[in-house]
Amino acid sequence: MSATPLTITRDPVAPSQRQRADGATLAVVFAVIVMLVPARLIIKGLPFALTPAEAVGLLAAVWWFCAHLTNTLGAAKGRTPVRTAIYVYGVSLLLTYAYSSAGFLPSRELELADHAVVTSAAMVAIALLACDGVRGRDRIDVVFKALVVAGAIMGLIGAVQYLLNFDLTRFMEFPGTEAQVVGDAILQRNGVNRAASTASHPIEFGVVSVMVLPLALHYAFHARQDGKPALRWWLCCALIAAGMVFSASRSPILGLTVAGAVLLVGWPMARRIRAVVALAGFLVVVKLAVPGLLGAITGLFTNLSSDTSLAYRTNDYDTAFAEIRRHLLLGRGVGTWYAPQHVVFDNQYLLTAVEAGLLGVATFAGLFLTGIWSSLRAMWRAADPSTRDLGLSMTACLVIPLVGSATFDLRAFGIVNGVAFLLVGMAGALLRSQTKEISPPVAPAVAATTPPGGRAG
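Read left to right, the sequence shown gives residues 1 to 457 (full-length UniProt numbering).
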């Protein structure tokens, strides 16, 4: 039985007070690091590969655990659908790990399984941090705006790569890190550049851009209504959309299609018309500024019958299904199906079925389905138009990894994987902000002025 719910309100912070660091602060740090630190960089001196973003995820795990031992860190308490889905997903991974470790695993596969459990725990912690640690609409906006700005910077880096054939990420080395792999951030397909920005592959860059675009559109449309400048957010929209186009990949276009369908259904007619006009104008600019790019992207869909990459994706189905039948429920072990020892599946659902079984597939898809349901529920419960629109935008964001996981191995790409888990957690935070809950009060802000009667200095 659940306790009687109580409404949680937060006293407004006076102008003389500054915001205390909280879960949203750590979520912003993660968002910036995961999107702007080149994906090839790992931390030096560790016994296994760990990216800076994954290290922040492990720090988030410590914060979340400590926050639930005390009432002073401002973490929300009590069940939510998203938090339950995260728990179930984490338990399924542990069951798969225990099942695979109980039998014989080659030393290399055991090492990879250990590594996969650690990195998965980091992503689970990020989702829990966002769900329980980002409190209130104002802090939700802080995290989302950080994602949008980081996405715009990624788009700018990708534009430089595509237009100038110059890779800025070669100069983005940070103390204490080293390159895990050495490769080009600028690839080519049919004579057309494909930019990867800070991501490890153009597909990842494009999908991340599309996942962030609905949030950028939300803040662009609502800036003027809030009495704030809108130009900065429209510039972010343009840079993010350019990044999607400069990746020259199919998966981002598929993501844009499903996300656009969600937004067009939920938007009022006037905004639909403005969006269609803006899209047409954007395509005209791309056509004039970068001749041949739109034709190359169109060819990705019109030449499917002769596309060798698509044939490669479908030829491995027999191998996948044979392996799935051997370990139907729990899989052969997370992280144990790796290249070049095994054929690579460009389909996260197939890969998850092989490594974590049908239970893993159900809990993985359940993360995004629960996030979508929570976003829609927050939208329906919201009293103000801005929050309703944010719920719709979140739904569009989360549909992309749900559908896109069928077109590429999402969890193999650190940036899109991290952003996806962060968005799932933020869906839980948005629903919390619109529902009644039992929770300790948010930690008070730290006064920045001299107390009455006190002396400065």
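In this text, a Cβ means the ideal position worked out from N, Cα and C, and glycines have one as well.
Problem set entry | Which of helix, strand or coil DSSP assigns to A39 | Three-state DSSP puts A39 in coil, outside helix and strand.
Exercise. Who are the near neighbours of F421 in its chain, counting only those whose CB is closer than 6 Å to its CB and skipping five residues on each side?
Worked result: Closer than 6 Å at the Cβ level, and outside the excluded window around F421, lie M123, I126, A127.
Problem set entry | Alpha-carbon spacing of R274 relative to W267, whole angstroms | Cα-Cα distance, rounded: 11 Å.
Exercise. For the alpha helix (DSSP H) that contains N417, what are its first and last residues?
Worked result: 414 to 433 is the span of the alpha helix (DSSP H), which, as asked, contains N417.
Exercise. In the DSSP assignment, what residue or residues form a beta bridge with Q348?
Worked result: Looking at the DSSP output, Q348 shares a beta bridge with no other residue.
Problem set entry | Residues of its chain near L215, where Cβ-Cβ distance is below 7 Å and the 5 sequence neighbours each way are ignored | So the list reads F144, L147, V148, S393, C397, once near-sequence residues are dropped.
Problem set entry | Cβ pair H222, S386 closer than 8 Å | Closer than 8 Å, so yes.
For this session: Classify M269 as buried or exposed, calling it buried when 16 or more other Cβ atoms lie within 10 Å of its own Cβ.
Result: M269 is exposed by the Cβ-count criterion.
Exercise. Once you ignore the five residues that flank C236 on each side, which residues in its own chain have a CB closer than 6 Å to its CB?
Worked result: For C236, where only same-chain residues beyond five positions count, the Cβ hits under 6 Å are V148, A152, A216.
Exercise. Once you ignore the five residues that flank T51 on each side, which residues in its own chain have a CB closer than 6 Å to its CB?
Worked result: Here the set comprises I42, G414.
For this session: Quick one: residues in its chain with C-beta nearer than 7 Å to the C-beta of A230, no 5 flanking neighbours on either side, listed in chain order?
Result: Beyond the five residues adjoining it in sequence on each side, A230 comes within less than 7 Å, by CB distance, of A220, A223, R224 in the same chain, given in chain order.
Problem set entry | CB contact flag (L199, A39, <8 Å) | For clarity, residue 199 is Ala in the given sequence; the question names Leu instead. It is a contact, given that the beta carbons lie within the stated cut-off.
Problem set entry | Whole-angstrom distance between G103 and V416, CA atom to CA atom | Taking the straight line from one Cα to the other gives about 32 Å.
Exercise. Given that a residue counts as buried once 16 or more other Cβ atoms are within 10 Å of its Cβ, and exposed if not, what is T119?
Worked result: By the 10 Å Cβ count, T119 comes out buried.
For this session: Please report the Cβ distance between G425 and V82, rounded to the nearest whole angstrom; I am assuming they are in contact, meaning their Cβ atoms lie under 8 Å.
Result: Right, the Cβ-Cβ distance comes to about 7 Å (below 8 Å), so this counts as a contact.
Problem set entry | Outcome for F345 when other beta-carbon atoms lying within 10 angstroms are tallied against a minimum of 16 | By the neighbour-count definition (other C-beta atoms within 10 Å, threshold 16), F345 is a buried residue.
Exercise. Can V258 be considered in contact with the ligand COA, in the sense that its beta carbon sits closer than 7 Å to one or more heavy atoms?
Worked result: In the structure shown, the ligand COA is absent, as is every other ligand, since no ligand is present at all.
For this session: Tell me, please, which residues DSSP counts as bridged to A179.
Result: Looking at the DSSP assignment, A179 forms a beta bridge with L41.
Exercise. In chain order, what residues of the same chain lie with their CB nearer than 8 Å to the CB of P452, ignoring the 5 residues before and after it?
Worked result: Residue placement at P452 is flagged as unreliable, the pLDDT there being 49, under the threshold of 50; the coordinate-derived value follows with that caveat. No residues qualify anywhere along the chain.
Problem set entry | Bridge-paired residues (DSSP) for L187 | Beta-bridge pairing by DSSP links L187 to R194.
Exercise. Between H201 and G335, which are expected to be in contact by the criterion C-beta below 8 Å, what is the C-beta distance as a whole number of angstroms?
Worked result: Going by Cβ atoms, the distance from H201 to G335 rounds to 19 Å, so no, they are not a contact pair.
Exercise. What did DSSP end up calling F282 once you bin it into helix, strand or coil?
Worked result: Residue state, collapsed to three classes: helix.
Problem set entry | Own chain residues within Cβ distance below 8 Å of V28, not counting five before or after | Excluding sequence neighbours, V28 sits near V142, V143, A146.
Problem set entry | Cutoff 8 Å: A356 Cβ touching any chain B Cβ | Given the protein chain composition of this structure (a single chain), no chain B is represented.
For this session: Have a look at V284 and A195 and give me their C-alpha separation to the nearest angstrom.
Result: Their Cα atoms are separated by approximately 20 Å.
Problem set entry | Closest by C-alpha distance to L46, when choosing among D226, I203, T177 | Distance check between L46 and each of D226, I203, T177 places T177 closest, using alpha-carbon atoms only.
Exercise. How far does the alpha helix (DSSP H) with W267 in it reach, from first residue to last?
Worked result: Annotation: W267 is outside any alpha helix (DSSP H) and is labelled neither H nor E by DSSP.
Exercise. Ordered along the chain, which non-local residues of its own chain (more than five positions away) have a Cβ less than 7 Å from that of R137?
Worked result: The residues are T387, S433.
For this session: Take I240 and list the residues in its own chain whose beta-carbon comes closer than 7 Å to its own, dropping the five residues that flank it on each side.
Result: Result list for I240: G151, A152, G155, S209, V212, L213, A216, in chain order.
For this session: For C131, count neighbouring Cβ atoms within 10 angstroms of its own Cβ and tell me buried if that reaches 16, exposed if not.
Result: For C131, the number of other beta carbons within 10 angstroms of its own is at least 16, and it is reported as buried.
For this session: Report the rounded CA-to-CA distance for D167 versus S247, giving the unit in angstroms.
Result: Whole-angstrom Cα-Cα distance: 14 Å.
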